[in-house]
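Just so you know, we're using my numbering here: the sequence shown kicks off at 80 and counts up by one. Ideal Cβ placement from N, Cα and C applies to all residues, glycine included. Written below as C-alpha cells is the structure these notes are about.
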Amino acid sequence: MIEKEISIRSNDVQLSGTICLPKETGRFPAVLMIHGSGPLDRDENMKAQQLNVFNTIAHHLAKEGFASLRYDKRGCGKSGGNFYKTGHFDLVEDVVNAFDALSQMEFCEKVFVLGHSEGCIIAPQVSLKRTSIAGLILLCPFADTIESVLMKQAAQLEKEFEHSGFFSKMLSNILGANVKSQRKLIDSINSSNAESMRNHFQKVPAKSFRELMSLDPRSIFSQVTQPMLIIGGEKDLQCEP
C-alpha cells in the first residue's frame, strides 16, 4: 500500500487529501470518499470523535486492488476555508472538483463515490453532475428530509434521557437534547440568513443546514442512473435503515 499527500483546488479553497494506492503498479478503479456531517478531517475524525472510518476503508480497499481519495473538509485538518461559513452546496462542489481531479490521475481506471451519512445525499447530487461516475456506495443513507431526520434524532435522545432518571432528564433540558429545543433550533435556522449561530454550547453551521433542509432526498435518488450499493445498520439511531 502506498499513500501520497495531494492538494486539490475547489473554487476558492485548497483541499488537502490523501491518495491511497495498492502496492502494485498499473491502473485501478478508484473510490472517492464523502464525509458525514460535522467538522471532519480526511479520516472522518474531529477533536471529540476519533473513529478512523475513511483511513480504515482506504487501507482495506488498497489490499483489494482499489485506489482511493479522501480529503479534509473545508476548514478542517489541512484544508483551507472556514467550516462554519461553508454551505451544503459548497460541499457538493468540492466533491465535483475532487472527482474531476481524481479522474485525470494516470492510475485511475474509473471512479466510484462512497458517501457516509450526509455524504449519502451529496453523492447522488454529484452523480447528476458527473454521469461518468461508475457507481455509488452509500453507508447509512437517509431518504427522509433532513428536518424529519433531525426531529426523529431529538425524539430518540429525549426518550433515552427520560429513561435514565431525573439527573439525565435535567441534563437533556440544559443541553437542548429534546424535541422542543430541536424544533426551536430548526425554526431559527430557517428564519435566519446567518452562516452560523450558537445553540446552547455549540456553534451550528446554519447555512449548511438551511441548504440541506431545502432538499428532497427521494426526488434526488429517483434521478440517479448509476448502480448503487446501499448499506445501513439495523440499530442505527442516526439514519434509520
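Residue i and residue j closer than 7 Å at C-beta
| i | j | result |
| --- | --- | --- |
| Phe186 | Arg106 | yes |
| Gly194 | Leu229 | no |
| Pro108 | Glu188 | yes |
| Ser147 | Val110 | yes |
| Asn176 | Ser116 | no |
| Ser95 | Lys152 | no |
| Ala202 | Val190 | no |
Residues of its chain near residue i, where Cβ-Cβ distance is below 7 Å and the 5 sequence neighbours each way are ignored
| i | result |
| --- | --- |
| Gln204 | Val171, Ile299 |
Residue i versus the options, residue with shortest Cα-Cα distance
| i | options | result |
| --- | --- | --- |
| Met125 | Gly144, Phe162, Leu100, Ser147 | Phe162 |
| Ser227 | Leu207, Arg209, Arg262, Ile201 | Arg262 |
| Gln235 | Gly214, Val258, Pro220, Leu94 | Val258 |
| Val283 | Thr165, Ala233, Ile136 | Thr165 |
| Asn272 | Tyr150, Val190, Ala285 | Ala285 |
| Lys314 | Ser211, Cys219, Lys142 | Cys219 |
| Leu308 | Asp179, Gln128, Cys199 | Cys199 |
| Cys318 | Gln232, Ile265, Val92, Arg209 | Gln232 |
Residues near residue i in its chain [Cβ-Cβ closer than 6 Å; skip 5 each side]
| i | result |
| --- | --- |
| His167 | Ser287, Glu290, Leu291 |
| Asn131 | Asp122 |
| Gly154 | Gly160, Asn161, Phe162 |
| Glu82 | Thr97, Cys99 |
| Val303 | Pro203, Ser206 |
Separation of residue j from residue i, as counted between CA atoms
| i | j | result |
| --- | --- | --- |
| Lys238 | Ser196 | 22 Å |
| Leu254 | Phe280 | At Leu254 the pLDDT is 45, less than 50, meaning the model places this residue with poor confidence and gives no usable figure here. |
| Lys102 | Met184 | 16 Å |
| Ala222 | Arg297 | 6 Å |
| Ile310 | Ile136 | 14 Å |
| Leu215 | Ser267 | 34 Å |
| Ala141 | Met80 | 6 Å |
Environment of residue i [buried if 16+ CB atoms lie within 10 Å]
| i | result |
| --- | --- |
| His114 | buried |
| Arg149 | buried |
| Ser301 | exposed |
| Gly144 | exposed |
| Asp169 | buried |
| Ser86 | exposed |
Sequence-distant residues of the same chain with beta carbon closer than 8 Å to residue i, five excluded per side
| i | result |
| --- | --- |
| Asp295 | Thr224 |
| Asn269 | Arg289, Met292 |
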